[in-house]
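Numbering (the UniProt record's numbering), first residue to last: 1 to 70.
What follows is the structure in structure tokens.
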């Protein structure tokens, strides 16, 4: 009977890295949808709008002087 260490070695390292990256991306997207759905305007799919991401990036690139313009 194989022990636990031998079972974990059955998945190649690049596949493990890919799985972790996919899980991180999915977690980010689901978290953004929940945040927009609960804290935002109630539309969780608004997170996929290009206008939404332009506003988010403008907060970081334009600085606090221009936040009211968005």
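Virtual Cβ for every residue (Gly too), placed ideally from N, Cα, C.
All figures in this text were calculated on a predicted structure; none of them were measured in a lab.
Separation of the CB atoms of residue 47 and residue 36 is rounded to 5 Å, and the pair is thereby assigned contact status at 8 Å.
In this structure, the alpha-carbon of residue 62 lies about 11 Å from that of residue 54. Judged by DSSP in its simplified three-state form, residue 12 adopts coil rather than helix or strand. A straight-line Cα-Cα distance of about 33 Å links residue 15 and residue 52.
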